[in-house]
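Residue numbers (the working numbering): 165 to 830.
Glycine is no exception: its CB is placed at the ideal position from the N, C-alpha and C atoms.
This is the structure in structure tokens:
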């Protein structure tokens, strides 16, 4: 295999990733390499400082990495901060690296999780400087806290949040591949300064990638040697368990203050991760509990089959082992980890013996009723989903867990949620399912399936649906749909929802009107999880209808908050200029604002004139020194014309001037 020689971060010499460093040079470098602090660079020598990108002006450098340089950007109107990541100029000719840049934006937005940094925009500064506009994180990387043992009550909540983010990423079929303390950022939120944000998905693997997962086109192993799983070194197919191995290395570092392996070269790290057992953490820190140590060592298992299979499983093991209550309870995300090796075909389930007689409760004298067994039918099923029009097929390999759909491509996308209706002779049974596998003709033949197609795993199955599936698989007759009384616990939850159901989207989610994208997404996700829990209860028909109405409303909320343009359109309908300000901070450009404003004012023709009068009054008050009254007048103008960027500019300029004056007085 031909490899490209690049300057090594350990010894400074050019060699491939799997060749050893020069021994003498390597001895002088610490085994763990943190990024160079931005303070070591001189802004005065950087031509990017002071340049403008759309509405943002580049203020200063934040740091440099292997692929690019990150700058602090400030919105020219409202003064909000973003991070702007530029691809290094000498890399713009590398097609693979530009694809990685695109992949970072794609993967992050595909996941959309509150514990993953938000990316607002991807663009290019002429002639060829690609850049990302990202959420600016005020905090510190986890690497600043590493080096001394961290107690479980501090470490486990951090690791649990990382598990939450990875569970969401893996459910979206995104593998980070370079998880390390530098990419786990701790920011302040909700009174805590340990809210986790995963960053740098620049080498993330998307499910659609066709290249070797562990190796770049140039032949270089991707990742950071200290944290790379054994399978990552040799170009095996990578799945989410590689990220869990890296998280296990981080857990070891937090628990003991040191890495499980300290080696002098990438080749030595390759050998250590593949063959060398890590020293038990209790040898370094005897206070670590046996259970906590067991979780860490399981995450570091050489064989991925011996590790935790999902991030949620690791999160729960950490919680129980360390006996630490976690603030936010996690509900698993739909979808499951891609199975690296196709499982053996599942033998058809054998119908059990007829059930014992059941007693009819009607009448003073009970009579015995024995339902006659019915052969499991060859069922037709109707399937439909995003980008997959409805079609009816004959289901195969039906079980309580899922079914196989024998149909020729194109298939629905992997890990998408689709609707399934089983056409049972007694009645139609509606279910939701996730697409978990494609099966080609050769696999279908080996597994005795009727032809190529795709496999579905049932999702969010209610107790009633589970009972129906069992009856179908076991060849029993279906009962008529049971009518349940009101569930008291569900009724209390529904009462809280009903108070907010007919209010605005923010009130429905219990979110602030100027909440950022991450906060809105997090609250929407938790709301959807609450509704999913209600759907799993045995509800009365009235309660089912109420839950369905809430679920439909949440779908409308998701659409309204899909991107800054849609959100700004919704915010303007509420006269929520603060929300529009947030959209501007998250990438809403002036052209889009003008388009939205034109539509908004067409439905409110008097607002523009009245708003101009309030703005003129505000400017006069500010000039006369009555700044507080001027702010109130500007806010009144923005209530009438929330998409007027000139009003925003004057308002925020006045706010900044008042802030400077206060600081001067102090």
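Bounding residues of the alpha helix (DSSP H) (the contiguous stretch that carries residue i)
{"i": "residue 798", "result": "791 to 804"}
{"i": "residue 409", "result": "404 to 420"}
{"i": "residue 395", "result": "394 to 397"}
{"i": "residue 472", "result": "Here residue 472 belongs to no alpha helix (DSSP H), and DSSP marks it neither H nor E."}
{"i": "residue 688", "result": "681 to 699"}
{"i": "residue 316", "result": "316 to 335"}
{"i": "residue 763", "result": "754 to 767"}
For residue i, the nearest candidate out of the options (CA to CA)
{"i": "residue 626", "options": "453, 565, 236, 744", "result": "565"}
{"i": "residue 472", "options": "584, 442, 409, 236", "result": "409"}
{"i": "residue 458", "options": "448, 444, 451", "result": "444"}
{"i": "residue 597", "options": "614, 567, 572", "result": "567"}
{"i": "residue 211", "options": "361, 235, 229, 338", "result": "235"}
{"i": "residue 631", "options": "396, 602, 593, 738", "result": "593"}
{"i": "residue 242", "options": "570, 814, 604, 736", "result": "814"}
{"i": "residue 545", "options": "553, 552, 551, 557", "result": "557"}
{"i": "residue 272", "options": "365, 719, 331, 318", "result": "365"}
{"i": "residue 359", "options": "315, 621, 219, 686", "result": "686"}
{"i": "residue 673", "options": "653, 282, 629, 721", "result": "721"}
{"i": "residue 662", "options": "713, 724, 754, 700", "result": "713"}
{"i": "residue 352", "options": "233, 292, 655, 300", "result": "300"}
{"i": "residue 479", "options": "605, 321, 578, 341", "result": "321"}
{"i": "residue 338", "options": "719, 769, 270", "result": "270"}
{"i": "residue 884", "options": "718, 341, 782", "result": "Nothing can be reported for residue 884, as the shown portion of the chain is limited to 165 through 830."}
{"i": "residue 744", "options": "717, 418, 221, 677", "result": "677"}
{"i": "residue 751", "options": "214, 215, 219", "result": "219"}
{"i": "residue 595", "options": "807, 624, 616, 589", "result": "624"}
{"i": "residue 693", "options": "680, 707, 711", "result": "711"}
{"i": "residue 482", "options": "618, 324, 563, 470", "result": "324"}
{"i": "residue 851", "options": "561, 760, 628", "result": "The structure shown does not extend to residue 851, since the chain is modelled only from 165 through 830, so no value can be given for it."}
{"i": "residue 765", "options": "736, 406, 398, 224", "result": "736"}
{"i": "residue 810", "options": "825, 758, 784", "result": "758"}
{"i": "residue 420", "options": "405, 397, 446", "result": "446"}
{"i": "residue 276", "options": "700, 330, 772, 581", "result": "330"}
{"i": "residue 312", "options": "668, 786, 449, 559", "result": "449"}
{"i": "residue 281", "options": "425, 432, 618, 682", "result": "682"}
{"i": "residue 730", "options": "739, 742, 716, 747", "result": "747"}
{"i": "residue 734", "options": "807, 782, 702", "result": "807"}
According to DSSP, residues forming a beta bridge with residue i
{"i": "residue 741", "result": "Paired residue(s): none; residue 741 is not in a bridge."}
{"i": "residue 442", "result": "In DSSP, residue 442 forms no bridge with anything."}
{"i": "residue 221", "result": "216, 238"}
{"i": "residue 364", "result": "For residue 364, which the question treats as bridged, DSSP gives no partner whatsoever."}
{"i": "residue 249", "result": "234, 296"}
{"i": "residue 552", "result": "549"}
{"i": "residue 729", "result": "Per DSSP, none; premise fails for residue 729."}
{"i": "residue 349", "result": "305, 361"}
{"i": "residue 356", "result": "353"}
{"i": "residue 558", "result": "544"}
{"i": "residue 262", "result": "Answer is none; residue 262 lacks a bridge partner."}
Residue i - containing beta strand (DSSP E), residue span
{"i": "residue 774", "result": "No beta strand (DSSP E) contains residue 774, which is instead part of the alpha helix (DSSP H) from 771 to 787."}
{"i": "residue 426", "result": "Element bounds for residue 426: n/a, residue is neither H nor E."}
{"i": "residue 299", "result": "293 to 299"}
{"i": "residue 709", "result": "First-last for residue 709: 705 to 724, but that is the alpha helix (DSSP H), not the beta strand (DSSP E)."}
{"i": "residue 460", "result": "Unbroken run through residue 460 is the alpha helix (DSSP H), 454 to 463; no beta strand (DSSP E)."}
{"i": "residue 302", "result": "It is not in any beta strand (DSSP E) - residue 302 carries neither H nor E in the DSSP assignment."}
{"i": "residue 163", "result": "Because residue 163 is not part of the residues shown, which for the chain are 165 to 830, the question remains open."}
{"i": "residue 467", "result": "Taken as a continuous stretch (DSSP letters only), residue 467 belongs to no beta strand (DSSP E), as it is neither H nor E."}
{"i": "residue 570", "result": "566 to 570"}
{"i": "residue 284", "result": "283 to 289"}
Minimum Cβ-Cβ distance from residue i to chain C less than 8 Å
{"i": "residue 337", "result": "Included in the structure is just one protein chain, with no chain C present."}
Three Cβ pairs or more, each shorter than 8 Å: is that satisfied between the region 293 to 310 and the region 244 to 259? yes
Whether or not the region 300 to 309 and the region 337 to 355 are in contact is what I'm after, with contact meaning three or more pairs of Cβ atoms, one per stretch, closer than 8 Å; do they touch? yes
Completely contained beta strand (DSSP E) runs for the region 580 to 608, where each covers 3 or more residues: 581 to 587, 592 to 603
Can you list the alpha helix (DSSP H) stretches of 4 or more residues lying completely in the region 619 to 672, in chain order? 627 to 637, 652 to 664
Whether or not the region 794 to 807 and the region 764 to 780 are in contact is what I'm after, with contact meaning three or more pairs of Cβ atoms, one per stretch, closer than 8 Å; do they touch? yes
Can at least three beta-carbon pairs, one atom from the region 463 to 471 and one from the region 409 to 423, be found at a separation below 8 Å? yes
Does the region 385 to 394 come close enough to the region 446 to 458 that 3 or more CB-CB pairs lie under 8 Å? no
Contact the region 722 to 737 vs the region 314 to 331: 3+ CB pairs below 8 Å: no
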